[in-house]
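Let me begin by presenting the structure, written as structure tokens, before commenting on it.
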Amino acid sequence: MNDLIWVAIKFMFEKLLRIDRRIIFLFVLIALIVPLFLNISQHIAISPEVRDIYDSLRKLQPGSRVLLAFDYDPPSAPELQPMAVAVMKYCFKHNLKVIIMGLWPQGPLQANLAIESIKRDKEFKDNPPIYDKDYVNLGYMTGNELVIQGMGTDIQRTFPRDYLGNPTSSLSVMKGITNFSNIDFIFNLSAGYPGTVEWVLFAVDRFHAKLSAGNTAVQAPQVYPYVHSGQLSGLAGGLKGAAELEKLLGFYGKGTKFMLSQSFAHIVVIFFIIVGNVAYFATRGKKKK
Amino acid sequence: MYPTKKALLETSKFIFLLLSFLVLMNVSAFCAVPEDPSYGAPAPPTDLVVRDVPNDAGGAIILHWDPSVDDVEGNDKFIGYEILRSTSPDSGFKVIGTATAGSTELTDNQTVDGKKYYYIVRSLMGSSIAEAWPVGPVSSSQQWFNLGRINSFIALLILSTAILWYIHRARRGDTLFIRKIAGLEAVDEAVGRATEMGKAIYYIPGTQDMDNVQTIAGVTILGRVAKLTAQYETPLDVPVSRSLVMITAREIVKEAYLNAGRPDAYNDSMVHYLTDDQFGYAAAIDGMVVREKPATIFYMGAFYAESLILAETGNSVGAIQIAGTAMPAQLPFFIAACDYTLIGEELFAASAYLSKEPKLLGSLKGQDFGKLCILGIIIIGSIIQTFGIFDFTSIFTVQ
Amino acid sequence: MEFGFTFSNTLAAILTIGIISFLWRDNPLYKLCEALFVGVSAGYWFVSLYYQNLLPQLFDKLGLTLIITPHADVKEGALQVLFKQGRFDERILYIFAGILGIMMLMRLFPNLGWVSRWPLAFIVGTTSGLYFTTYFQSNAMAQLKSTIIPLNSINNIVIVVGTVCGLIYFYFSKEHKGVLGGAAKVGTWFLMVTFGASFGYTVMSRMSLLIGRIDFIFSTWLGLVK
Amino acid sequence: MRREIPLIITGVVGFTYIIQFFIPHWPFNIMEHMLTDWMLIIFAFAIWLGVLNLMKVSLDRISKRTKDWPYALVTILGFLFIVIAGFFFSGGRRFLDPGTPFDYIYQFIYTPLSATMFAMLAFYVASASYRAFRARTKEATLLLLAAFFVMLGRVPVGDAMTSFLPESVRLSKFADWIMNYPQTAGQRAIMIGIALGIVSTSLRLILGIERSHLGSD
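Residue numbers (the working numbering), protein chains in the order written: chain A, 436 to 724; chain B, 187 to 585; chain C, 870 to 1095; chain D, 689 to 905.
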């Protein structure tokens, strides 16, 4: 009798182990879609790395120059776009001058999308960011880390023209800026190479710029050693980092909105890991017997 | 209704402020004497030091000053600093740059080497300014050696010497011991299994170009795998995502087949280009794997996000998978979904172990020597730091 | 970006669903999307590399652009300087880059294939030289420096012990036995925690990306979620 | 000669780069810039090879009428479509500006395709977790545990589950600790190892000890 139950359990688990992966896919899909329609508020704990970014931003006086480096493309936008929007909103609200550039060809386009969405925002409707007063977009430049190295000597020579084709020297935001020593803060949004690692190696290690970064969660673990060594002051990793930034800076957006789906998804993955292991050990235990 | 005492007080305070402001404006226009900071002109920055930027290619002078006493957190009126430059100590000063409140440094990189310059830094608060005395002369120059990098220079010299010495020893025929690497032992077995099953072997050399050292290591290991497939007459398929990799991989596979005495079994279509795009490449391989169900798949080289798509699909068709990469973010997936994984440096060690080539063995030993030095430095250094004998870390500052 | 049930969004949504449909099984729509993707992405890079690389770096610098068409945005190239002003411009050296590039294309002719080794050798040399110093300086020296810390807290001890044992795992000259074996074992534990953490972060990242696509379908395209 | 000249090129170029790192003086400072530009130019030429190969493979499939040959036609048409739009109808070097046909294809064809390809990883991650992540050994168990804590700690649910604990020891703090200490240590060991590996490979390439990438004569 006992044996019969064992056989039944073993059969069940073996069946479970060979479960069609499409069932797993379906679970994931449901876990992500359903929360979009729910409205549950969650408490978001702030990690010290994100607080560092906030502290750096808060120290900036009105009129300070902030360089936003957009080093990502549309596939990584769900994680990085909310960070870009939150930081930009903070800058515009506190009258910090924003300089946009990209080492990825699609980066400056993502910046334009972020600005478009800010202009549509109720909070900025009466006081939309104005080109060359509140921000400039220097566009994309080929050369990867060598662009950063060039900027360390002369930004205006590295980017002779902005995104729209105006000479950089004619822009009022760029007045008096020669290199990183005239930039008060750099925020790098990065999804890979070239990105935060290169900014650390060149802008920070060689030219002593002050740098914080927002990274995709995939890349964040590799960047942690730089936070710990002080080469990087502050790091926001993935959607959670975006939600934390939104909370600290006071602009709730997609980062916070997506957190619920994120929670559900993690629970589904953890659930599958546990089930998979239970099934594995149950069937293996039987074999040993 | 008549004004309250408080309102009167406020009004008189305002008038007093206004008057003193006007007076101070006039005074400061004539001489930049620091006045009461809360009401008028700011204090100028002090102790301006100017010097040539060290260890550079010239054309730059660095300025450093102590902040004005008004440059404190919370003082919103303090705007920042303006930097002026002239070639004469008395006249001709022009603004060349600004620095925001809180900064104490600026690099002027618009200088002509050898020309003498004088600098003034002044504080801006509200609409008033205060200048410090001009400082100079100073001129920029280019240097013949970057002294800030002397530590890297020495370390690299020692490391390179060690590598070359070990290579020399290996070539002389000395036996150099290298421990077993589990993932590599499995290569022969994996090729053997594909032969038994009569199915193909896929070899994916990563998605990066030939300029990536990992790709080079991957292509080196391909040489070994190709030699085995030539001997066993197992079909080999190498889809690549870079034209340069295609060229190199063809050379290497061709040579392997030649050395195995089977040049007839080689043809160029074994190594073929798909697309440069990461996901286009992954999608194409995905399709190939699902349709052809290879027996063995190798992933050796630099991978990004496509690693998981590839490894999971390979796993789902039941292929033996052997992976090797030095991309930390991709390693968990290979460890999870592949039968054997070469972790980080093991990929580089693998090409040495497989080929038993003196140059590879020697350099692996050289790297080990480097690791031994680093281990020693960390242990001794941490003890020194613990007892606070001196700042040991300053030796390793990078510039 | 547009909002709502427009033609463009519908097109994008069909392509999105087409790719996702592979999860069910390989099917004609997926194959179509895959084939389209391979072609479009090759074309995207082809065009981008021409305009962002070849044109400004080579043709503009040499002055070939001006020879073909007068262009307001482009300044005189090295050829104009040489022939009109009779002055040597260092940009003329870029002609070598062009030659190396063309040598690369010689691969297309089987008996001239060996010529392409020159540009290949150039690329290998450039990257080796660049990596030789930068990687050593920033990933060995800088990280070594920040690992030398006083052992006065649990956290610092974790950092030092973890780094040391991890390095011992990557030490290939001795069989991992005895003390060395023990340390290497501890090293693998640290590496596994590192990979586990990496995995956790990656799960997070991938889920976020999918949320982005689902948000596109349900909010941007269908407008079901506000 | 066919092998010697490439070896010399690699050596000279590699040494130039190393020298400029330590000697900032003219002419090394400008040579670095120029050589890097050259490399980008060669890369831009190399894409021609790749594209021509892709076209050849696809045309072969069409002419031989292999299985699924119509998809090869789609690949070619997709390529021609974006290339023609990019070169002839998108304002030359302003081809990335909003509103050009190239930008349209980028936004509504390329972006959904590539972003969804990327997003598919979410499904594979879940499936891999289920089928491949087993606590077979002590090491695998550690990997799993770390992943478990980080995954839970990085979403608000983790804190909600441990809300009975004081704030400083909740899951999110524990996840932060894993990232900042053990994870950083492991990552660092990997970084240092890789850096040494890169130094020795580069050295071999520059000195011509490593020449397998050049193939044989």
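Just so you know, even glycine gets a beta-carbon here, dropped at the ideal spot from N, CA and C.
- What glutamine 571(B) touches in chain C, judged by beta-carbon distance under 7 Å, is Ile1017, Ile1018 and Pro1019, going in chain order.
- Taking a Cβ-Cβ cut-off of 7 Å, leucine 547(B) has no neighbours in chain D, whose nearest Cβ is about 11 Å from it.
- Here the alpha carbons of aspartate 472(B) and threonine 482(B) stand approximately 14 Å from one another.
- For isoleucine 612(A), no beta strand (DSSP E) segment is defined, and its DSSP state is neither H nor E.
- By the 16-neighbour rule on beta-carbons within 10 angstroms, tyrosine 687(A) is exposed.
- When rounded, the separation of the alpha-carbon atoms in glutamate 478(B) and alanine 834(D) is 36 Å.
- For a Cβ distance threshold of 8 Å, residue set Ile705 and Ile708 of chain A lies close to phenylalanine 836(D), ordered along the chain.
- Taking a Cβ-Cβ cut-off of 8 Å, the neighbours of arginine 976(C) in chain D comprise Leu737, given in sequence order.
- Chain A places a beta carbon closer than 8 Å to that of asparagine 868(D), counting this residue as a contact.
- The DSSP-derived three-state label of tryptophan 251(B) is strand.
- DSSP places threonine 577(A) outside both helix and strand once states are collapsed to three, so it counts as coil.
- Here leucine 853(D) carries a coil assignment [DSSP, helix/strand/coil].
- Taking a contact as a CB-CB distance under 8 Å, the pair phenylalanine 965(C) and glycine 874(D) does not count as one, their CB atoms being some 45 Å apart.
- Contact between phenylalanine 279(B) and leucine 270(B) holds: their C-beta atoms lie close to 4 Å from each other, under 8 Å.
- Under the three-pair Cβ rule at 8 Å, the segment 357-375 of chain B does not count as touching the segment 311-320 of chain B.
- Annotation for alanine 504(A): Met536 and Asn623 place their beta carbon closer than 6 Å to its own, counting only its chain and skipping 5 residues before and after.
- Between the alpha carbons of threonine 1016(C) and threonine 1032(C) lies a gap of roughly 8 Å.
- In the three-state reduction of the DSSP assignment, threonine 829(D) falls in the helix class, which pools H, G and I.
- Judged by DSSP in its simplified three-state form, phenylalanine 1041(C) adopts coil rather than helix or strand.
- Closest in C-alpha terms to histidine 458(B), from the list Val439(B), Leu444(B), Phe576(B) and Asp450(B), comes Val439(B).
- Judged by DSSP secondary structure, glutamine 507(B) falls outside any alpha helix (DSSP H) and instead within the beta strand (DSSP E) spanning 506-511.
- With 16 or more other Cβ atoms from the protein chains shown falling within 10 Å of its own Cβ, glutamate 681(A) counts as buried.
- Comparing C-alpha distances from tyrosine 443(B) to each of Arg428(B), Asp462(B) and Thr415(B) shows the shortest one belongs to Thr415(B).
- In this structure, the beta-carbon distance from isoleucine 730(D) to phenylalanine 991(C) falls below 8 Å.
- Given a length threshold of 3 residues, each whole run of the beta strand (DSSP E) inside the segment 267-330 of chain B is given here in chain order: 280-286, 291-294, 303-311, 314-317 and 321-324.
- Listed along the chain, the chain C residues whose CB falls inside 9 Å of the CB of aspartate 725(D) are Gln926, Leu927, Lys930, Tyr963 and Ala966.
- Residue Gln496(A) holds the alpha-carbon nearest to the alpha-carbon of aspartate 257(B) among Ala512(A), Gln496(A) and Arg500(A).
- Considering only Tyr705(D), Ile693(D) and Phe710(D), the residue with the shortest C-alpha distance to phenylalanine 331(B) is Phe710(D).
- Secondary structure at tyrosine 687(A): coil, using DSSP grouped into helix, strand and coil.
- When C-beta atoms of the segment 513-526 of chain A are compared with those of the segment 595-610 of chain A, fewer than three pairs fall below 8 Å, so the two segments do not count as touching.
- Within the model, the alpha-carbon separation for leucine 558(B) versus asparagine 922(C) is close to 43 Å.
- Within the segment 494-509 of chain B, those residues whose Cβ lies closer than 7 Å to any Cβ of chain D are, in chain order, Leu494, Ile495, Glu498 and Asn501.
- Sorting Asp299(B), Ala380(B), Tyr305(B) and His250(B) by C-alpha distance to the C-alpha of proline 275(B) places Tyr305(B) at the top.
- In this structure isoleucine 336(B) is exposed. Its beta-carbon is surrounded by fewer than 16 other beta-carbon atoms within 10 angstroms.
- In the pairwise beta carbon analysis, the segment 810-820 of chain D is classified as touching the segment 1070-1079 of chain C: at least three pairs are separated by under 8 Å.
- Within the segment 444-520 of chain B, the complete alpha helix (DSSP H) segments of 4 residues or longer fall at 464-478 and 492-502, listed in chain order.
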